[in-house]
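J.: Positions in the sequence shown are counted from 1; adding 29 to them yields my numbering.
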Amino acid sequence: MKNFNLSVIIPVFNEEKNIDPLFQRLLPILKSFNYEIILIDDGSTDKTANKIKEYAKKNKNIKLISFARNFGHQMALTAGYLYAKGDCAISLDADLQDPPEIIPEM
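The following block contains the structure:
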């Protein structure tokens with residue numbers, strides 16, 4: 030699957046506490062893909078964007094789009110899909126309500 034280009038789109042809003050668990054579970058699963066992770070910060074007032082920037086410094090496949098204010102979940106998803114460069118794009122919620130472990134089955 031190394032030649033498969035996958036975009037994972039994740040809208041975030043005040044998800045500072047979920048960023049570490051998200052990447053701890055998501056990154057190992059994506060090792061078998063050529064991937065990009067696009068996180069759209071929908072006007073968070075906590076340190077969500079800073080946490081994401083820390084990961085992006087270490088991993089060139091992690092990208093952050095920051096909104097100046099809250100535009101809503103659907104606008105964040107739309108921005109992510111417009112920015113995505115993968116052959117296939119999927120969306121996940123940062124709170125891990127959908128397990129990233131199912132990505133290879135999709």
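Don't be surprised by glycine CBs; every beta carbon is placed ideally from N, CA and C.
#1: Assign Leu-111 to buried or exposed, taking buried as 16 or more other Cβ atoms, counted over all protein chains shown, within 10 Å of its Cβ.
#2: Going straight from the alpha carbon of Asn-34 to that of Lys-46, what length do you get?
#3: State the Cα-Cα distance for the pair His-102 and Pro-40, rounded to the nearest angstrom.
#4: Assuming the contact rule is C-beta atoms closer than 8 Å, Ile-91 and Ile-66 should be a hit. Round their C-beta distance to whole Å, please.
#5: Are Ile-119 and Met-104 closer than 8 Å when you measure CB to CB?
T.: Considering the structure as presented:
#1: What you label residue 111 is simply residue 82 of the sequence shown in a count that begins at 1. The residue in question, Leu-111, is exposed, as its Cβ has fewer than 16 Cβ neighbours within 10 Å.
#2: Along the sequence shown, one-based indexing puts residue 34 at 5. Along the sequence shown, one-based indexing puts residue 46 at 17. In a straight line, the C-alpha of Asn-34 is about 29 Å away from that of Lys-46.
#3: Taking the first residue of the sequence shown as 1, we reach residue 102 at position 73. Taking the first residue of the sequence shown as 1, we reach residue 40 at position 11. Distance between the alpha carbons of His-102 and Pro-40 is about 7 Å.
#4: The count along the sequence shown starts at 1 and reaches residue 91 at position 62. The count along the sequence shown starts at 1 and reaches residue 66 at position 37. Indeed, because the Cβ distance is near 5 Å, the residues count as touching under 8 Å.
#5: The count along the sequence shown starts at 1 and reaches residue 119 at position 90. The count along the sequence shown starts at 1 and reaches residue 104 at position 75. The criterion of a C-beta distance shorter than 8 Å is not satisfied by Ile-119 and Met-104.
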